[in-house]
Structure formats: C-alpha cells, structure tokens
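**Q** Structure provided below as structure tokens; questions to follow.
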Amino acid sequence: MKKLTVNAKTKNYDITIKEGLIAEILDYLQQDKKKFLITNNTLEKLYPDLVSSFENKIVIKDGEEYKNFETFEFIINELLKRKIERKDLILALGGGVVGDLAGFAAASVLRGVNFVQIPTTLLSQVDSSVGGKTGFNTKYGKNLIGAFYQPESVLIDTNFLKTLPVREIKTGLGEVVKYSFIEKNCSDDEKIHLSKYLDEADSNNLDFKEIIYRSVALKASVVSKDEKEAGLRAVLNFGHTFAHSIETITNYKKFTHGEAVAMGMKLAFELSYNLNFINKEYLDYAFNLIDKFNLAPVYKIECDKDEYINIMKSDKKVSNSKIRLVLPTSKGEVKIFDNIKEDDIKKVL
Ligand code: NAD
Ligand code: GLY
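Quick note: to get our numbering, add 167 to the position in the sequence shown (first position is 1).
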C-alpha cells in the first residue's frame, strides 16, 4: 500500500493506492454516513457486486458526450429526490467523466456535500481524481462549467486496470509521460520523478502502482502549492491547448484525451525546437519516449489552421485573447508563454 497527502489550501486529504483496496472499501469510509454511489452503466456491468452493495446508487450513461448539463441535472435531481443531507457522502466510482460530474454535483448540492473519488481508469488514477477540478462540458467547450472542490479522500485500486481496454491504458500513459516532461516544475524530489523510470521501463511490463504513485505525488506537489491555478498549476496543461483543438476538430470521436495530449506534446516540442528553446537532442528524446509507449496515433491532423487557432483561443487559459502555451525549455522543465506568434504556431500544425 502507498499513501500520499494533498495539502491544498481548502482541504488536506489522503490518497491511498493499493491492489485490492476495493474489497476493504468500507474500512476507508466513515461507517455512520449515508452513502450515494455515482457510477456509469459500464462499471455497473463490470462490477455488479460492488455497485449493488450500495443501497443508493445513481447510474449515468457512459461517454464523454454525457458529461453535460442534462446528466448533471439528472444526478442532482436523484440526490435531492433521495433526500441527501449535508452530512452524507457521495462516492464517485469511475473514470474522469464520472469523477468530474460527481465532484461538481457534490460541490453544488446543498452548497456542498463531502465526496470520495474512487477512480477506475489509469487517467483518473494518475490525474483527474486528484486536485479538485470538477465540472462538465457545454457546446462552447470542454469543462467550461465547474468548480474547484477537493474530495475527502482518493481511493485507488490498481485492480480496476485489469478490465480497462488497452487504448484506455494508453490514454492514461499520455498523462504519465506528460508528468515526466514537467517533473522539475512539479517537485525537486527526484525520488518521485518519472523520466528516468520511464526511460528504463519495459513498456509491456509496467509497474502501475509505482507509476500512479509518482504521477500523483508530482500532481499533489503542484496542487499543494497552487490549488486554483493562479500560476504554477498551469504546467499540468502541457500539451493540452493543442489537444483541446484536436479533440474539438475531430468531435471528440477520433482520439481519446490522452492520445490528443500525446499529439499535442509532440507539436509543443516541435514548436519549442523551432523557437530555439530546446535542442535537437531533447526533441528526439521526447519523440522517442512518446513513441516508446505508442501514445500518439498520428502526428498531425488534416485541418483548417485558422479554425485550429480559433479553438485554441477559446481555451479556459486564454487571457486578453492571447493563447497561453506551456512549452518545454529543458529536460523535465516547461515554461508558460503568452507571446508566441500565431504564424509560428501555424507552422507546426
Ligand atoms: P472516461 O471516464 O470516459 O473512461 C473511459 C472509458 O473507460 C469509459 O468508457 C468508462 O466507462 C470505461 N471504464 C472506466 N473504468 C473502467 C474499468 N475499470 N474497466 C473497464 N472500463 C472502464 O475517461 P477518462 O479517460 O477516465 O477521463 C476523461 C475525462 O476526465 C475527460 O472528461 C476529461 O476532461 C477529464 N479530466 C479531468 C481532469 C481533472 O483534473 N478533473 C484531468 C484530466 C481529465
Ligand atoms: N489536469 C490538469 C489539472 O488538474 O490542473
């Protein structure tokens, strides 16, 4: 078992990582609290005993397309219909979609009910369950409605990964590799750095407990310093501004989030190289690492470059209509720029 603590300004909480943790879940939850489990229909089918062991469960439809106001409203109505009280506990069992929606429902209903994240995808175990970003998508863009609302705890059972399709494992690895490119920004503690570990790892035989531990430790370090993204936390968005355009242009159908992030990181590396921020050796290293885990299905997409740039401008990070880009500047380190010329960006698209 591995344990970590997030010391965010609004809340301190534990993250527990253990194979088989779910079998002892009740030991980790306060017994006397009424619990409301929020999950989706795929997890209900895959884990019927676990889901049916909760009297109060709310099952939503599976898919990013259901991460919307309608599903949010459905969850809130179910919670209120079943007379949730402020002292009760909401449990989010699922990937990032369930976690983000359930977290925002917890933040909103009765002005805030405690919730526990039980992430079941690699992406949610290394990223979305930690740090308190919650919300849903609108027709104007991804995650534009939401709140920073930290969970009471995060319970990570690596056994869930046994039923996860390979493509979803890779989408999580996209975020893991991202952490390796920003590790020096996140923490000086080399014991939790990922680059050396990933360089030496056998891509067919990964130790997920170790990977999740280091990823979450790096993220926890950032969230502890900058919970609400006043500055540093933006480094976690490395590759994401490009990815956001890739996902939007392809209607969220062609690539998973992690695949888009991997493609976005390659574009960010190419842009940095063109601007002389990094040398050829680091560019090649980065491409090789992304390819070692086979994360980016293609490098560039067919697109209208003006549309691509416009979508980049609708990103939440935009300030004064300027695109903010997180770009690599040296091994394991990135910087945030808001002065990159659109022509330079277009050259790499
Ligand atoms: P997801 O929640 O859609 O899950 C991917 C698929 O895996 C789904 O079909 C799901 O039903 C299935 N699944 C989940 N657990 C499974 C298991 N154990 N076995 C088999 N199948 C399983 O996607 P995701 O990649 O987990 O998360 C993506 C979402 O997370 C996006 O909406 C993104 O915006 C959000 N996100 C949020 C943050 C944050 O900080 N809050 C960070 C990154 C991403
Ligand atoms: N996934 C980016 C963040 O949590 O800030």
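Every residue, glycine too, gets a C-beta built ideally from N, C-alpha and C.
Quick one, which of E437, F271, P215 has its alpha-carbon nearest D451's?
**A** As a first step, residue 451 is located in the sequence shown; it is residue number 284 there, counting from the start. Taking only the C-alpha atoms, the option nearest D451 is E437.
**Q** Between G431 and S481, what straight-line distance do the alpha-carbon atoms span, to the nearest angstrom?
**A** As a working note, residue 431 is residue 264 in the sequence shown. As a working note, residue 481 is residue 314 in the sequence shown. The straight-line gap from Cα to Cα measures roughly 16 Å.
**Q** Just list the beta strand (DSSP E) runs in the segment 246 to 324, keeping only unbroken ones of 3 residues or longer that don't cross its boundaries, in chain order.
**A** Entirely contained in the segment 246 to 324, the beta strand (DSSP E) runs reaching 3 residues are, in chain order, 256 to 261, 281 to 286, 300 to 305, 308 to 315, 320 to 323.
**Q** Answer yes or no: the CB of S295 versus the heavy atoms of ligand 1, is any distance below 8 Å?
**A** Your numbering for residue 295 matches position 128 in the sequence shown. Yes.
**Q** Is the segment 259 to 268 in contact with the segment 285 to 304, if contact means three or more CB pairs nearer than 8 Å?
**A** Result yes; three or more Cβ-Cβ pairs closer than 8 Å.
**Q** Helix, strand or coil, according to DSSP, for F422 in the structure here?
**A** Against the sequence shown, residue 422 aligns to sequence position 255. DSSP places F422 in coil when its eight states are reduced to three.
**Q** May I ask you to report which of helix, strand or coil DSSP gives K176?
**A** On the sequence shown, position 9 is the one that residue 176 refers to. In the structure shown, K176 sits in coil (DSSP, three-state: anything other than H, G, I, E or B).
**Q** According to the neighbour-count rule (16 or more other Cβ atoms, all chains shown, within 10 Å of its Cβ), is V173 buried or exposed?
**A** In the sequence shown, the residue the question calls residue 173 occupies position 6. Buried, because 16 or more other Cβ atoms sit within 10 Å of the Cβ of V173.
**Q** Mind pulling the alpha helix (DSSP H) runs of 4 or more residues that sit fully within the segment 316 to 374?
**A** Correct list: 333 to 353, 362 to 367.
**Q** Just how far apart, CA to CA, sit V465 and K254?
**A** The residue labelled residue 465 in the question sits at position 298 within the sequence shown. The residue labelled residue 254 in the question sits at position 87 within the sequence shown. Cα to Cα, V465 sits roughly 48 Å from K254.
**Q** Can you check DSSP and say which residues form a bridge with T183?
**A** For the purposes of this step, residue 183 is taken as the residue at position 16 of the sequence shown. Answer is K170, L322.
**Q** Buried or exposed, going by whether 16 or more other CB atoms sit within 10 Å of the CB of N404?
**A** Here residue 404 is taken as the residue at index 237 of the sequence shown, counted from 1. Per the 10 Å Cβ criterion, buried.
**Q** Which residue wins for smallest C-alpha separation from S526, given the options Q292, G262, T287, I242?
**A** For residue 526 there is no data in the structure shown, the boundaries of the chain being 168 and 516.
**Q** Please name the residue in Q198, L260, I205 whose C-alpha comes closest to that of N244.
**A** Start at 1 with the first residue of the sequence shown, and residue 244 comes out as number 77. It is I205 whose Cα lies nearest to the Cα of N244.
**Q** Say the cut is 8 Å; is the CB of V383 nearer than that to a heavy atom of ligand 2?
**A** Mapped onto the sequence shown, residue 383 falls at position 216. No.
**Q** Sort L456, F203, L213 by Cα distance to I331 and report the nearest one.
**A** Position 164 of the sequence shown, counted from the first residue, corresponds to residue 331. According to the sequence displayed, residue 331 carries Leu and not Ile. Measuring from the Cα of L331, the nearest candidate turns out to be L213.
**Q** Using a Cβ-Cβ cut-off of 8 Å (strictly less than) and excluding sequence neighbours within five positions of V218, which residues of its own chain qualify?
**A** Here residue 218 corresponds to residue number 51 of the sequence shown, with the count starting at 1. So the list reads L204, T206, L210, E211, K224, V226, L260, once near-sequence residues are dropped.
**Q** Sort D393, L434, V389 by Cα distance to G406 and report the nearest one.
**A** Position 239 of the sequence shown, counted from the first residue, corresponds to residue 406. If we check each option's Cα against that of G406, L434 comes out closest.
**Q** Within the continuous alpha helix (DSSP H) that includes F454, where are the two ends?
**A** Numbered from 1 along the sequence shown, position 287 holds the residue referred to as residue 454. That run of the alpha helix (DSSP H) goes 447 to 459.
**Q** Starting from the Cα of S295, find the closest Cα among T338, R334, G279, V333 and give me that residue.
**A** The residue labelled residue 295 in the question sits at position 128 within the sequence shown. The shortest C-alpha separation from S295 is found at T338.
**Q** For Q197, count the other beta carbons within 10 Å of its own beta carbon; 16 or more makes it buried, fewer makes it exposed. Which is it?
**A** Within the sequence shown, residue 197 is the residue found at index 30, counting from 1. The residue in question, Q197, is exposed, as its Cβ has fewer than 16 Cβ neighbours within 10 Å.
**Q** How should T177 be labelled, buried or exposed, when 16 other C-beta atoms within 10 angstroms of its C-beta is the threshold for buried?
**A** Stepping through the sequence shown from its first residue, residue 177 is reached at position 10. Flag for T177 reads exposed.
**Q** Kindly indicate which residue of E319, N352, K459, L365 has the alpha-carbon position closest to the one of P495.
**A** Counting from 1 along the sequence shown, the entry for residue 495 is found at position 328. With distances taken between Cα atoms, P495 lies closest to N352.
**Q** For S141, name the three-state secondary structure that DSSP assigns.
**A** Outside the modelled stretch of the chain, which goes from 168 to 516, sits residue 141, for which no answer is possible.
**Q** Report the three-state DSSP secondary structure of V465 (helix, strand or coil).
**A** For the purposes of this step, residue 465 is taken as the residue at position 298 of the sequence shown. V465: coil per DSSP, three-state reduction.
**Q** Taking 8 Å as the cut-off, is the CB of R334 close to at least one heavy atom of ligand 2?
**A** Locating residue 334 in the sequence shown gives position 167, counting from the first residue. No, since every heavy atom of ligand 2 falls outside the 8 Å radius drawn around the Cβ of R334.
**Q** Report yes if the CB atom of I445 is closer than 9 Å to the CB atom of S497, and no otherwise.
**A** Along the sequence shown, one-based indexing puts residue 445 at 278. Along the sequence shown, one-based indexing puts residue 497 at 330. Yes, the pair counts as a contact, with Cβ atoms nearer than the cut-off.
**Q** Less than 9 Å between the beta carbons of L193 and I184, yes or no?
**A** Taking the sequence shown and counting its residues from 1, the one referred to as residue 193 is at position 26. Taking the sequence shown and counting its residues from 1, the one referred to as residue 184 is at position 17. Contact flag unset, no.
**Q** If you draw a straight line from the alpha carbon of F348 to that of L365, how long is it in whole angstroms?
**A** In the sequence shown, counting from the first residue as 1, residue 348 sits at position 181. In the sequence shown, counting from the first residue as 1, residue 365 sits at position 198. When rounded, the distance between both Cα atoms is 11 Å.
**Q** Output yes or no for whether 9 Å exceeds the beta carbon distance between I323 and V383.
**A** Stepping through the sequence shown from its first residue, residue 323 is reached at position 156. Stepping through the sequence shown from its first residue, residue 383 is reached at position 216. For I323 and V383, yes; Cβs fall inside 9 Å.
**Q** Any chance the CB of D458 is under 8 Å from a heavy atom of ligand 4?
**A** Ligand 4 is absent from the structure shown, which contains only ligand 1 and ligand 2.
**Q** Is S291 near ligand 1 - that is, is its Cβ less than 8 Å away from at least one heavy atom of it?
**A** Residue mapping note: residue 291 aligns to position 124 of the sequence shown, counting from 1. Yes, ligand 1 has a heavy atom inside 8 Å of this Cβ.
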